[in-house]
Amino acid sequence: MAILVIAEHDNTSIKAATLNTVTAATRIGGEIHLLLAGCACAAAAAAAARVAGVSKVLVADAAHYADQSPENLAALVVANASSYGHILAPATTSGKNFMPRVAALLDVAQISEISAVESADTFVRPIYAGNVVATIKSTDPIKVVTVRGTAFEAAGEDGSAAIESLSAGPDLGLSKLSGRELTKSERPELTAAKVIVSGGRGMGSGESFHKLLEPLADKLGAALGASRAAVDAGFVPNDYQVGQTGKIVAPQLYIAVGISGAIQHLAGMKDSKIIVAINKDAEAPIFQVADYGLVGDLFEVLPALLAELG
Amino acid sequence: MKILVPVKRVVDYNVKVRVKSDASDVDLANVKMSMNPFDEIAVEEAVRLKEGGIATEVVVISAGVANCQETLRTAMAIGADRGILIQTDVELQPLAVAKLLKAVCEKEQPQIVLCGKQAIDDDANQTGQMLAGLMNWPQATFASKIVVAGQQATVTREIDGGLETIEVPLPAVLTADLRLNEPRYATLPNIMKAKKKPLETTNPAALGVDVTPRLKTVKVTEPPKRTAGIKVADAADLVMKLKTEAKVI
Ligand SMILES: Cc1cc2nc3c(=O)[nH]c(=O)nc-3n(C[C@H](O)[C@H](O)[C@H](O)COP(=O)(O)OP(=O)(O)OC[C@H]3O[C@@H](n4cnc5c(N)ncnc54)[C@H](O)[C@@H]3O)c2cc1C
Ligand SMILES: Nc1ncnc2c1ncn2[C@@H]1O[C@H](COP(=O)(O)O)[C@@H](O)[C@H]1O
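If you read the protein sequences in the order shown, they are chains L and Y.
Quick note on numbering that gives the first Met the number 0: the first sequence kicks off at 0 and runs consecutively.
Quick note on numbering that gives the first Met the number 0: the second sequence kicks off at 0 and runs consecutively.
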């Protein structure tokens, strides 16, 4: 049976996480269709048609898909589910929001945030903040699965799938979006960045993020991340949080500054290729996972580092 | 207005779990158990809504083994009015929990079900959304702010790009994120008082719910360990090593 992947997009382009999800679908094997629900989303549909490995893009274009409410999106997916053996979506805050609703309406379990595909019915996923990895077999007729982006490489964008329009489902009118405050940044997106500079409570203030970490990120072309403590303290916005309940990242280089290394933080970054830790406490647990540790006061180390990078 | 808060008994967040030597499951013998941290936040929020004169009753529910009673007592010590234990020794998966909660919702007719966003053992992040789907109710997940006025909740949600605010008519399912509030510590007098609050016990069969697991755990393993690397002397040494050894900058 074919696999349905739900595309994440902003009506004009496809979110990178969709590309990783398509790769997970290719590991299952079978024809891959992308479903895209949006409003005036022709540009996103054209981008979806270029995703390698996809044979068909199904587009539902209607005003009530503009905000992608989970109620309307789930109803549309469920109405189109019957000819598929698998339904996949990225394990982003959007996928995590509507996919369990899809699963419940289909009366099947959801397999959350898989990190590998063993076979068409068996998947691998981290549990307990990534301290344990479980291999899970599903007995349900339709497998509803969300996919951890960092665990699968991005699909190519040289495909040419057919675009078909799909009739929109009803507008359930169950929720209304009244505002979005999106963090604007010129920097790369955290989950796709090659280098990440992350600050913790040790940074002491939003001001020092601004004065010390931002220039470092700029020099390295890096994304900025943070621990929960730094976000809770209001140093940076919530979408900077890396960890069990924040973003899962796996860059080539992760520099943790003033972060102690709680398991909930490690859950989000321990798959990074190279980890650097800068911390004044030589006993901080972050040093147990760091390839390069620098014990010192970040207020002295960071200016020196900036100077070294020239 | 009645608020229902589902609370899960999980391995304490400070514990680093180990897997059993036969790789069948995690080893939970003698491990400290606590209320799921997100559920503690949900209970706190519900109690604040009651203290603010918006809610009239806060009912906490836990599904699982007999010891979930302790979790319910903890929630009542924070300020919940009564508890419901859905007792079973069967391993409960989110779909089964959602069906149990649906059965309770039909009986209790709450205006708000306030779940945690995620249980920190299975890291599933499903139950609230599933319940909303089964009830055909709106959902407002990952809440960092909840304002209830009349028959509507205005919820600020933490999303990948920042924050969004949605309005949902009640009844609805909301799920609590970390920054919704900071739960209070239960005081000794409140812990004593909680012991006398009503706690009703039922079970899946009495609620007419089949909780047979749909997912089978084939095996559990520990991920490859990262080993500690080296300490560098200073910033110059670090930059040199990143350039010539790791070749990442
Ligand atoms: C359910 C749950 C989910 C969670 N999810 C997440 C999550 O997704 N992400 C996350 O990050 N956390 C999460 N946490 C929180 C986590 O447990 C830790 O509390 C948090 O990661 C600590 O952040 P921190 O390392 O910045 O702060 P701290 O633990 O306070 O560490 C600060 C560090 O800075 C160092 N420092 C201080 N001053 C200096 C200086 N001048 N120079 C150098 N070093 C200095 C200190 O030595 C210390 O090691 C979660 C917790 C719970 C209960
Ligand atoms: N066995 C349970 N008993 C009561 N509530 C639960 C149970 N399992 C999950 N929940 C609720 O559902 C939320 C999300 O859990 P999960 O979908 O397992 O990540 C939790 O934070 C609880 O509010």
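Ideal placement from N, C-alpha and C gives every residue a C-beta, glycine not left out.
A quick note: this is a predicted structure, and the numbers were derived from the prediction, not measured.
| Check | Outcome |
| --- | --- |
| Under 7 Å by beta carbon: chain L residues contacting residue 124 of chain Y | 95, 111 |
| Cross-strand partners of residue 30 of chain L (DSSP beta bridge) | DSSP output for residue 30 of chain L lists no bridge partner at all. |
| Residue-chain proximity (residue 286 of chain L, chain Y), Cβ-Cβ < 8 Å | yes |
| Contact with chain Y by residue 12 of chain L, beta-carbon distance below 8 Å | no |
| Status (buried if at least 16 other CB within 10 Å, exposed otherwise) for residue 290 of chain L | buried |
| Beta-carbon proximity list for residue 302 of chain L, same chain, < 8 Å, skipping 5 on both sides | 211 |
| Residue closest to residue 33 of chain L, alpha-carbon to alpha-carbon, out of L:187, L:162, L:106 | L:162 |
| Proximity test, residue 147 of chain L beta-carbon vs ligand 1 heavy atom, cut-off 7 Å | no |
| Assigned secondary structure, residue 287 of chain L (DSSP; H/G/I helix, E/B strand, else coil) | helix |
| Min CB distance residue 31 of chain Y to chain L below 8 Å | no |
| Residues of the region 121 to 151 of chain Y whose Cβ lies closer than 9 Å to any Cβ of chain L, in chain order | 121, 122, 123, 124, 125, 126, 127, 128, 129, 130, 131, 132, 133, 135, 136, 137, 138, 139, 140, 141, 143 |
| C-beta atoms of residue 54 of chain Y and residue 119 of chain Y nearer than 8 Å | no |
| Chain-ordered chain Y contacts of residue 273 of chain L [CB-CB under 7 Å] | 245, 247 |
| Cβ-based neighbour list, residue 271 of chain L, same chain, cut-off 8 Å, excluding 5 preceding and 5 following | 195, 248, 249, 250, 251, 252, 253 |
| 4-residue-minimum alpha helix (DSSP H) runs that sit fully inside the region 9 to 73 of chain Y, ordered along the chain | 36 to 50 |
| Residue 232 of chain Y CB to nearest heavy atom of ligand 1 below 7 Å | no |
| Positions along the region 217 to 230 of chain Y whose CB lies within less than 7 Å of some CB in chain L | 217, 218, 219, 220, 221, 222, 225, 227, 228, 229, 230 |
| Closer than 8 Å to chain Y by CB, residue 20 of chain L | no |
| Rounded separation between residue 241 of chain Y and residue 224 of chain Y - CA only | 22 Å |
| Cβ-heavy atom distance, residue 267 of chain L to ligand 1, below 7 Å | yes |
| Residue 7 of chain L and residue 93 of chain L closer than 8 Å at C-beta | yes |
| Given 8 Å, three or more beta-carbon pairs between the region 58 to 75 of chain L and the region 22 to 29 of chain L | no |
| Close Cβ partners of residue 249 of chain Y (< 6 Å) along its chain, the five nearest in sequence each way excluded | With chain Y covering 0 to 248 only, the question about residue 249 of chain Y has no answer from this structure. |
| Residue 199 of chain Y - DSSP class collapsed to helix/strand/coil | strand |
| Any chain Y beta carbon closer than 8 Å to residue 174 of chain L | yes |
| Segment limits, beta strand (DSSP E) that includes residue 144 of chain Y | 138 to 148 |
| Cβ of residue 164 of chain Y within 8 Å of any chain L Cβ | yes |
| Distance CB(residue 197 of chain Y)-CB(residue 77 of chain Y) smaller than 8 Å | no |
| The beta strand (DSSP E) enclosing residue 122 of chain L, as first and last residue numbers | 121 to 126 |
| Distance between residue 60 of chain L and residue 167 of chain L (C-alpha atoms, nearest Å) | 7 Å |
| Inter-stretch contact (C-beta, 8 Å, three-pair minimum) for the region 59 to 74 of chain Y and the region 148 to 168 of chain Y | no |
| CB contact below 8 Å: residue 183 of chain Y versus chain L | no |
| Cβ-based burial, residue 174 of chain Y [other Cβ within 10 Å; buried from 16] | buried |
| Neighbourhood of residue 90 of chain Y by C-beta distance below 6 Å, restricted to the same chain and skipping five residues each side | 212 |
| Sequence-distant residues of its chain with Cβ nearer than 6 Å to residue 96 of chain Y (five each side left out) | 62, 126 |
| Below-8 Å beta-carbon distance, residue 215 of chain Y vs any chain L residue | yes |
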